[in-house]
Each structure stands twice: as C-alpha cells, then as structure tokens.
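Novice: For what it's worth, the UniProt record's numbering labels the leading residue of the sequence shown as 1, then goes sequentially.
Yeah, the Cβ is synthetic: ideal placement off N, Cα and C, and Gly gets one too.
Computed from a predicted structure; not experimentally measured.
What follows is a single structure, and I will ask about it in a moment.
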Amino acid sequence: MLNKCPLKKVQFSKPQGEFFCTLRKSVQNYFDENQLETSGNWKLYLKAFIIITTYIAIYCSIIVLPIPGYLALILSASLGFVQALVGFNIMHDACHEAFSKNKAVNYFFGLSMNALGSDAFMWRQKHNLVHHTYTNIDGIDDDISKTPFLRMSETQPRYKAHRFQHIYLPLLYGISTIYWVLVKDFEDYILGSRFNVEVGKMKPLDHVMFWTTRIIYFGLYLVLPSFVWGIGWTILGFTLMHMMLGLTMSFVFQLAHVVENVEFEHAEDESLMIENEWAVHQLATTSDFAVDNKVVSWLVGGLNFQVEHHLFPRISHIHYPEIQKIVAKTCKEFDVTYYSYDSTGKALASHFRHMKRLGQK
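Written out as structure tokens, the structure is:
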C-alpha cells in the first residue's frame with residue numbers, strides 16, 4: 001500500500017535564512033494589521049457556491065433535459081472545464097487546509113477531488129508532501145515524472161519522438177486525467193511505486209472513501225448516462241469531459257514549473273543535497289503569471305500565484321494578490337530571483353518553447 005515506499009534522502013544544504021524569516025514576518029504582519037484570517041472568506045465561499053451550482057446544473061441538464069446529442073457533448077466538455085474550476089478553487093484550498101479554519105469543513109470540501117474521479121488522500125500525499133517539498137526534482141516530483149512521451153527537463157532522457165512533443169503535448173494533456181482516473185490512482189493505491197518518499201498510512205476511512213466514491217463516480221458518469229444516452233454517446237461525452245479537464249488542469253499547473261528559466265534538479269542518487277535553502281529553491285523552480293489579471297485569478301483559484309502558494313501553501317488563494325506584492329518586494333530587497341510572466345499567453349508561449357527546445361536538444 002501507500003506506506004511501502006522507499007525514502008529518497010534529499011536535503012536542503014542551507015537552513016532557512018534571513019530572507020524567508022523576513023518574508024514570513026512581513027506576511028504575518030499583513031494579516032495582523034488587517035485583522036484577517038489566513039483561510040478563505042465570504043468571497044471564496046460565494047465563488048464555491050457559484051461553481052458548484054453551475055457544476056450540478058450542467059450535469060442535470062445532460063441527464064434530465066431532452067436535448068439533442070450534439071448539445072449534450074458541448075455540455076460534457078463544459079462540465080470538464082467546470083470540474084477544473086472545482087479543482088482549482090475548492091479542492092486545492094481545502095486539501096491544503098486553507099479553505100476554512102474548520103478541519104471538518106476542509107476535509108469535506110477536499111472530497112471534491114473524489115467527485116472528479118481521483119482521491120483526496122492520495123492527492124495530499126503526492127501534492128502536499130512530495131511536490132511542495134521536492135519541487136522540480138526529477139525522480140521525486142510526480143508532476144514532472146518520467147514518461148517516454150514527454151521530456152520536461154534536461155535531466156530526463158531524450159528520444160526521437162520528443163522532437164514533436166510541442167505538437168502532440170495537448171493531446172497527452174487532454175487524456176491525462178482519463179489515465180489518472182482509470183489507471184494511475186489504482187496503481188498508486190495497490191503498489192505505491194510511484195512515490196519516492198515515505199507517505200502516511202491510509203486509515204480504514206481512507207480505504208472506504210477511495211472505493212465508495214470511485215463506485216459512485218463511475219455510476220454517475222458512465223452507468224447512469226448510458227441508460228439515457230446509450231454506451232456510445234456516454235463514452236464520447238466522458239472522453240470530451242476529460243479532454244477539457246485534462247487540458248485545463250495540465251496547462252495551468254505546467255505554466256508554474258515547466259517554463260523557461262526555472263530550475264530542475266535530478267535525484268539520481270539515494271542522497272541528494274540541494275544547494276539552496278527550501279524557500280529559495282521554491283522561487284528558483286516556480287513562476288507566477290498574469291498576476292494583474294483578476295479574471296484569470298478568479299478562474300484558476302489563484303494558481304497563477306504559484307510562487308506565493310509554494311511559499312505559503314496554507315494561506316487561501318483569496319489573499320495571494322496582496323501576498324504577491326510582499327513577496328516581490330522582499331525578493332528585490334534580498335536580491336532573490338522572482339519569476340513572473342505578464343500574461344497567460346506569454347507563460348503559455350514559454351512553456352511551448354521550453355518543451356520544443358527539450359525535444360530537439
């Protein structure tokens with residue numbers, strides 16, 4: 001099971017220095033002076049209500065309303081996009097204990113990950129524990145895990161097919177969540193072999209939730225629709241839903257860590273010493289984008305502020321616009337590199353250039 005994983009002895013050579021101590025103090029002062037909680041507020045809860053209501057309305061329209069097949073397919077793709085919004089805005093904050101001050105509330109809304117076909121417990125292990133600690137360390141960070149189809153860093157082997165990866169990567173991103181739901185989670189659950197660090201044991205409730213919610217998911221998205229639309233239309237709609245979900249989620253997350261200039265490390269040995277302290281490593285391996293675009297920030301749940309999120313993962317994304325100003329100022333004061341793209345388009349272009357270069361050199 002998940003607790004049977006080898007431990008990679010990766011360490012950061014430097015203790016947390018004056019830079020991060022100053023930054024944490026400045027951020028804490030911001031919350032104290034403005035008498036704010038670090039968790040979500042009414043703005044987040046209103047957004048969550050809008051997204052969840054939209055999600056339910058689209059699903060019910062597909063199942064209940066007498067609509068033509070082509071419209072059902074359009075709604076299926078739209079449902080995939082809204083599912084991504086659920087992941088960005090609700091699940092992500094909740095699984096980081098940032099949605100609410102109440103742990104039970106965070107646990108409940110964290111289960112929205114299960115509603116997307118995955119599992120909240122397993123996601124916390126891979127994302128919170130592994131990705132946030134060992135960001136962009138090849139061989140550990142599951143977000144840049146080795147695959148024969150995509151080369152994301154220079155530390156990974158290059159194959160002939162990679163010459164075209166900047167062309168076919170949208171297709172792979174599109175099917176990524178189908179693979180995640182149908183294969184990857186089950187592999188992780190049974191073998192635990194994808195992890196390179198020790199993770200927590202699954203409690204009996206975690207096992208129950210894994211199987212119960214998975215059965216409900218397949219019932220809602222494959223079994224029930226097949227009675228309404230037939231098997232063929234259902235499979236097509238399910239595929240379109242996941243194509244939209246996979247594309248949206250993949251591009252948003254890749255724009256933070258798989259772009260030009262950011263650094264990658266390689267955990268080729270059992271023991272690896274990272275030169276920078278943890279906070280500086282996060283800044284070296286992460287990039288913001290479109291921080292002044294309120295529409296983008298609203299849609300992606302503040303994941304365009306990935307630098308701030310990696311430094312302060314337990315602060316709700318609703319606060320990131322103000323935190324970003326403090327981070328940028330402190331980085332300038334201490335001469336620490338801070339990466340940020342002015343727009344989503346520029347970040348997207350950088351991602352494609354990065355992938356094209358790695359595929360050809």
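#1: Within its chain, find whatever has a CB closer than 7 angstroms to the CB of Asn34; leave out the 5 residues flanking it on each side and keep chain order.
#2: Using only CA atoms, which one of Phe108, Val183, Asp143 and Tyr173 lies nearest to Gln125?
#3: I'd like to check one pair, Phe12 with Trp278: are the Cβ atoms closer than 7 angstroms?
#4: Have a look at Thr248 and Phe81 and give me their C-alpha separation to the nearest angstrom.
#5: Buried or exposed: Phe289, going by 16 or more other Cβ atoms within 10 Å of its Cβ?
#6: What is the DSSP secondary structure of Met1, reduced to helix, strand or coil?
#7: With a threshold of 7 angstroms on Cβ separation, who are the neighbours of Ile315 within its own chain once the five nearest residues in sequence on each side are excluded?
#8: When you compare each of Val130, Leu222, Val223 and Ala161 to Val10 by their alpha carbons, which one comes out closest?
#9: In its own chain, which residues sit with a C-beta less than 8 angstroms from the C-beta of Pro170, not counting the 5 before and 5 after it?
#10: Can you tell which of Asn261, Pro225, Lys47 and Leu44 has the C-alpha that lies nearest to the C-alpha of Arg357?
#11: Do the segment 16-30 and the segment 327-347 touch if we need at least three Cβ pairs shorter than 8 angstroms?
#12: Just reading off the alpha helix (DSSP H) that Asp226 is part of, what are its end residues?
#13: Consult DSSP for Phe312 and reduce its assignment to one of helix, strand or coil.
#14: Here's the rule I'm using: 16 or more other beta-carbon atoms within 10 Å means buried, otherwise exposed. How should Gln254 be labelled?
#15: For the putative contact between Gly359 and Arg151, defined by C-beta atoms under 8 angstroms, what is the C-beta separation to the nearest angstrom?
#16: Is there contact between the segment 159-178 and the segment 102-111, where contact requires at least three CB pairs shorter than 8 angstroms?
#17: Which first and last residues belong to the alpha helix (DSSP H) in which Phe31 is found?
#18: Excluding the five sequence neighbours on either side, which residues of its own chain have a C-beta within less than 7 angstroms of the C-beta of Phe22, listed in chain order?
#19: Compare the Cα-Cα distances from Lys346 to each of Leu73, Glu154, Val259 and Leu240 and report the closest residue.
#20: Compare the beta carbon distance of Ala84 and Leu303 with 7 angstroms and say whether it is the shorter of the two.
#21: Determine the direct distance from the alpha carbon of Pro66 to that of Ser145, and round the result to whole angstroms.
#22: Could you check which residue in Thr147, Leu224, Thr135 and Ile190 has the C-alpha nearest to that of Leu311?
#23: From Leu44, Ala284, Pro157 and His266, pick the residue whose C-alpha is nearest to that of Tyr338; which is it?
#24: Nearest by alpha-carbon distance to Gln306: which of Leu224, His132, Ser176 and His242 is it?
#25: Please list, in chain order, all residues of the same chain as Thr177 whose beta carbon is under 6 angstroms from its beta carbon, the five residues on each side excluded.
#26: Just to confirm before moving on: does the CB-CB distance between Phe320 and Ser250 stay below 7 angstroms?
#27: Could you tell me the distance, in whole angstroms, from the CA atom of Val208 to the CA atom of Lys325?
#28: Tell me the DSSP secondary structure of Tyr341 in three-state form.
#29: Would a C-beta distance cut-off of 7 angstroms place residue 445 and Leu79 closer than the cut-off?
#30: Count the other C-beta atoms from every protein chain shown that fall within 10 angstroms of the C-beta of Glu265, then say buried if there are 16 or more, exposed otherwise.
#31: Going by alpha carbons, who is nearest to Ser287 out of Gly230, Phe108 and Leu348?
#32: On a Cα-Cα basis, can you pick out the residue from Ile318, Leu299, Phe121 and His354 that is closest to Trp42?
#33: Report all residues from its chain with a CB closer than 8 angstroms to the CB of Ser63; omit the five preceding and five following residues, and keep chain order.
#34: Can you tell me the Cα-Cα spacing of Gln16 and Asn128, whole angstroms?
#35: In whole angstroms, give me the CA-to-CA distance for Gly110 and Pro157.
#36: Could you check which residue in Arg163, Asp292 and Asp138 has the C-alpha nearest to that of Lys361?
Specialist: Once the coordinates are examined:
#1: Translated into the one-based positions of the sequence shown, residue 34 becomes position 34. Within the same chain, Asn34 has no close Cβ partners at all.
#2: Counting from one through the sequence shown, the residue named residue 125 turns up at place 125. Comparing C-alpha distances from Gln125 to each of Phe108, Val183, Asp143 and Tyr173 shows the shortest one belongs to Asp143.
#3: By 1-based counting over the sequence shown, the position of residue 278 is 278. By 1-based counting over the sequence shown, the position of residue 12 is 12. Taking 7 angstroms as the Cβ cut-off, Trp278 and Phe12 qualify as a contacting pair.
#4: Counting from 1 along the sequence shown, the entry for residue 248 is found at position 248. Counting from 1 along the sequence shown, the entry for residue 81 is found at position 81. CA-CA distance, Thr248 to Phe81, rounds to 7 angstroms.
#5: As a position in the sequence shown, residue 289 is number 289, starting the count at 1. With 16 or more neighbouring CB atoms inside 10 Å of its own CB, Phe289 falls in the buried class.
#6: Sequence index remark: in the sequence shown, residue 1 carries index 1 (1-based). Low per-residue confidence applies at Met1: pLDDT is 39, beneath 50, and the placement is therefore not dependable, though the value from the model is reported in the following sentence. When secondary structure is reduced to three states using DSSP, Met1 falls in the coil class, being assigned neither helix nor strand.
#7: Here residue 315 is taken as the residue at index 315 of the sequence shown, counted from 1. Excluding the 5 residues flanking it on each side, Ile315 has same chain C-beta neighbours closer than 7 angstroms at Thr38, Ala98 and Ile323, in chain order.
#8: If you number the sequence shown from 1, residue 10 lands on position 10. The option with the nearest alpha carbon to Val10 is Val130.
#9: Indexing the sequence shown from 1 puts residue 170 at position 170. Taking Pro170 as the centre and dropping the five residues before and after it, the same chain places the C-beta of Leu247 closer than 8 angstroms to its C-beta, in chain order.
#10: Residue 357 sits at position 357 when you count from the first residue of the sequence shown. Nearest in C-alpha terms to Arg357, of all of Asn261, Pro225, Lys47 and Leu44, is Asn261.
#11: These segments touch.
#12: To locate residue 226, count along the sequence shown from 1; it is residue 226. It is Ser, not Asp, that sits at residue 226 in the sequence shown. For Ser226, the uninterrupted alpha helix (DSSP H) segment begins and ends at Leu224 to Trp229.
#13: As a first step, residue 312 is located in the sequence shown; it is residue number 312 there, counting from the start. The three-state secondary structure of Phe312, taken from DSSP, is coil.
#14: Position 254 of the sequence shown, counting from 1, holds the residue named residue 254. Looking at its Cβ environment, which holds 16 or more other Cβ atoms inside 10 Å, Gln254 is buried.
#15: Here residue 359 corresponds to residue number 359 of the sequence shown, with the count starting at 1. Here residue 151 corresponds to residue number 151 of the sequence shown, with the count starting at 1. Right, their Cβ atoms sit about 6 angstroms apart.
#16: Between the segment 159-178 and the segment 102-111, the count of C-beta pairs closer than 8 angstroms stays below three; the two stretches do not touch.
#17: As a first step, residue 31 must be located in the sequence shown, where it is residue number 31. DSSP places Phe31 inside the alpha helix (DSSP H), whose first and last residues are Glu18 to Glu33.
#18: One-based indexing of the sequence shown puts residue 22 at position 22. As written in the sequence, residue 22 is Thr, which differs from the Phe given in the question. Only Thr330 meet the Cβ criterion.
#19: Counted from its first residue, the sequence shown places residue 346 at position 346. Taking the Cα of Lys346 as reference, the smallest distance to any Cα among Leu73, Glu154, Val259 and Leu240 is reached at Val259.
#20: Position 84 of the sequence shown, counting from 1, holds the residue named residue 84. Position 303 of the sequence shown, counting from 1, holds the residue named residue 303. No, they are not a contact pair.
#21: Walking along the sequence shown from the start, residue 145 turns up at place 145. Walking along the sequence shown from the start, residue 66 turns up at place 66. Pairing Ser145 with Pro66, the inter-Cα distance amounts to about 43 angstroms.
#22: As a working mapping, residue 311 is identified with position 311 in the sequence shown. The option with the nearest alpha carbon to Leu311 is Thr135.
#23: As a position in the sequence shown, residue 338 is number 338, starting the count at 1. The residue from Leu44, Ala284, Pro157 and His266 with its alpha-carbon nearest to that of Tyr338 is Ala284.
#24: By one-based count along the sequence shown, residue 306 stands at place 306. Nearest of Leu224, His132, Ser176 and His242 to Gln306, Cα basis: His132.
#25: Reading the sequence shown from its first residue, position 177 is the one you call residue 177. Once the five neighbours on either side are set aside, the close Cβ partners of Thr177 are His242, Leu245 and Gly246.
#26: Residue numbering aside, residue 320 sits at position 320 when the sequence shown is read from its first letter. Residue numbering aside, residue 250 sits at position 250 when the sequence shown is read from its first letter. In the sequence as displayed, the identity of residue 320 is Tyr instead of Phe. Cβ distance not < 7 angstroms, so Tyr320 and Ser250 don't count as in contact.
#27: Numbered from 1 along the sequence shown, position 208 holds the residue referred to as residue 208. Numbered from 1 along the sequence shown, position 325 holds the residue referred to as residue 325. Near 43 angstroms, if we compare the C-alpha coordinates of Lys325 and Val208.
#28: For the purposes of this step, residue 341 is identified with residue 341 of the sequence shown, where counting begins at 1. In the structure shown, Tyr341 falls within a strand segment according to DSSP collapsed to helix, strand and coil.
#29: The question about residue 445 has no answer here: the residues shown for the chain are numbered 1 through 361.
#30: Stepping through the sequence shown from its first residue, residue 265 is reached at position 265. With 16 or more other CB atoms across the displayed protein chains lying within 10 angstroms of its CB, Glu265 is buried.
#31: Residue mapping note: residue 287 aligns to position 287 of the sequence shown, counting from 1. Ser287 has its Cα closest to that of Leu348, out of Gly230, Phe108 and Leu348.
#32: As a position in the sequence shown, residue 42 is number 42, starting the count at 1. Ranking the options by Cα distance to Trp42, first place goes to Ile318.
#33: The residue labelled residue 63 in the question sits at position 63 within the sequence shown. Note that residue 63 is Ile in the sequence shown, not Ser. These residues qualify, in order along the chain: Leu224, Pro225 and Val228.
#34: Taking the sequence shown and counting its residues from 1, one reaches residue 16 at position 16. Taking the sequence shown and counting its residues from 1, one reaches residue 128 at position 128. Taking the straight line from one Cα to the other gives about 19 angstroms.
#35: Along the sequence shown, one-based indexing puts residue 110 at 110. Along the sequence shown, one-based indexing puts residue 157 at 157. So the two alpha carbons sit approximately 36 angstroms from each other.
#36: Here the question's residue 361 lines up with position 361 in the sequence shown. The shortest C-alpha separation from Lys361 is found at Arg163.
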